[in-house]
Amino acid sequence: MALVACAVVSSSPLYALDCAKASLKADKLICAFPEAKQADEEMSAAYFALLRRTTDPDFHEALIRSQRRWIEARSRGVPRIDGEQDEEPDDRKVLLKVTKDRLGFLKGNAPIRTMELQRKVASKDGGGPFAGYEGPCDFMPPRYGHWEYACWIATHRQHKDRVCSVGEEWTSGHTTERRLVSVVTNGEPKPVASCYTGYAGHSCPEPDIGAAAHWDTNPQISAGDLAPPRAGSLWKYDPDGPAGYDEPWMQDCLLAPNYPPADLRRPESSSAGKTP
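FYI, in this note's numbering the residues of the sequence shown are 1 to 276.
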């Protein structure tokens, strides 16, 4: 199952589903199911209530983008896996569940709290055009997440000319964390070191891993890999993203005179560190 990245081109607030204009299958199912339509209206009300009480303009913008991304995911319909027996075969009930879940998210404190933590962590860095968040979101079917909304948001932090990135990739129910160090050269971040940890194994140096783990200092970035960020493509904050990634290695990456240290480096071939 592939996660689909959505390009967000508008920051206009989204209103409740207009059934008179509904053209997509998922939207039509919601309109034909009174309980789901009511949940959609309640979700819209909670969304606008959240916008009204959010005074920070950056947070306000992020909330609008986040809700647009969620609506686009729901409008793509219920993802089914061929040959899998789902716990809920009725698409209408799945759409009702995910809409109620989103309602609970928008009524709670998590969106603002997440962005506050992201801002707190970012205040430690010098910042720059290559700092921010990016990544896709989608609904995970029962085999993997019981129709939960999941986001795979990469965190990019910048201090002077060094950019330190971390993100998770998802393959067949398993996650791998990838880390990337880039240096801004001629106005663009160039990858200089990468490593991974999780389902694909361990190459990132950690206290309990031992000497076998090293950074790859000859990273070859392929399609689907964690890549250096592009200026203008990042969100400053993302309420669906990680709540302020600030692990010790990230602090070292941003602030150490040289990173990674020489004893943690190892040139590798372009095939090393790939997820099976």
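Note that beta-carbon positions come from the ideal geometry of N, C-alpha and C, so glycine has one too. Note that the structure is predicted; figures quoted are calculated from it, not measured.
Cβ neighbours of Glu35 within its own chain (closer than 7 Å, five residues either side excluded): Leu96. If you keep only unbroken alpha helix (DSSP H) runs of at least 4 residues inside the segment 107-158, you get 110-122. In this structure, the straight-line span from the alpha carbon of Asn258 to that of Lys236 is close to 26 Å. As a beta-bridge residue in DSSP terms, Val181 pairs with Cys164 and Ala193. Contact between the segment 155-162 and the segment 104-111 is absent: fewer than 3 CB-CB pairs across the two stretches fall below 8 Å. Note: Trp235 is bridge-paired with Tyr133 in the DSSP secondary-structure output. Ala227 and Phe33 have their C-alpha atoms spaced approximately 42 Å apart. Fewer than three Cβ pairs drawn from the segment 110-125 and the segment 37-47 lie within less than 8 Å of each other, which leaves the two stretches out of contact. In this structure, Arg92 lies near Leu29, with their beta-carbon atoms less than 8 Å apart. Phe59 is not a Cβ neighbour of Val98, given a cutoff of 8 Å.
Beta-bridge analysis with DSSP links Trp170 to Thr175. Looking at the DSSP output, Glu188 bridges to Thr185.
Distances from the CA of Arg102 to each of Gly127, Gln67, Val183 and Thr114 were compared; the closest alpha carbon is that of Gln67. Counting the other CB atoms within 10 Å of its CB gives Tyr245 a total of 16 or more, which places it among the buried residues. Around the C-beta of Asp27, 16 or more other C-beta atoms lie within 10 Å, and the residue is accordingly described as buried.
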